[in-house]
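Notes follow once the structure below has been shown.
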Amino acid sequence: DTVGLMVRVGEHDVLWDVYQLMRGCTGDDMTQVSDDHDGVQPENIILWEDAEEYCDPSVWRDTIQFAKMASSTLQLPLTYSRFGMFKEAMAAYYVIACVEAWSSLQRFPLYTLSVNPEAPFYPITGSSDTRFGSEVEKRLKMAQSLLSLKSVDVYNRAVHLRRNVTTFIKNHYIRSMIITPTAPSPPPRSDTTLPEYDNDIYTVPFSLAGVPVWSLPLNPSKSTKMTFTAAQLVHANPLFIYKHLSRLSA
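Count along the sequence shown from 1, then add 133; that gives the number in the working numbering.
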């Protein structure tokens, strides 16, 4: 999402570079672009209508307006469907992300990860000045708890849910282009605090599935009082979306 939101429309060379890098990823990288779907084109556009339950009304209005415009521009029928796993995917993602962060750090000898929940996480050769930030420590401590015998079932259930989410998305994104909001609210003011992690509710299902997503800023509307919102576009052949970016962002 960060690349999609930071690159201005028209600077497609940068987007092309990112696309090519993702195509070059190996099987060790969960999120990658597969060559299996080169040339595939969507037969319709799917808008998950249960996304409305979790977002600001203005964001949903902008998303519907964009989906209708995309349907007309690309001459693809617009279909309303349901995902049904937004909240569950959020929970599963943060369980798996914590455990995988722990697992990844275990590969490097520079870090010592104590099984003692009270122990801080220091690099072996470092000091208290080089300890992890509070967010990283919080996730590692959560991983400690999740990997205990009492909580390992929670991790197993999260992995099972990831399989369900992945299967659901990949069964739909080959024949359809999926559209959702990128975030549930317009960008906040600098003095506004968002509920922790809630802003990720539309992005984590695709992160769980290892599916790359285009995030396209939408034109401001009266409903959002001249603040920008964004929509996610998902298809098995990201090159199809790339080729039509200029038309969809007009």
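All residues carry an ideal CB built from backbone N, CA and C; glycine is no exception.
The alpha-carbon of A224 is positioned some 16 Å away from that of A234. For the set P319, K220 and A364, the Cα lying nearest the Cα of R295 is the one of K220. For Y227 and A316, the gap between their C-alpha atoms comes out near 17 Å. A Cβ-Cβ separation of about 10 Å leaves P314 out of contact with S191 under the 8 Å criterion. As the crow flies, the alpha-carbon of Q208 is around 28 Å from that of D189. For Y213, the three-state secondary structure derived from DSSP is strand.
Per DSSP, S236 lies in no beta strand (DSSP E); the unbroken alpha helix (DSSP H) holding it starts and ends at F219 to L238. In the DSSP assignment, V285 falls within the alpha helix (DSSP H) that extends over V285 to H305. For Y213, the number of other beta carbons within 10 angstroms of its own is below 16, and it is reported as exposed. In this structure, the straight-line span from the alpha carbon of E270 to that of G172 is close to 44 Å.
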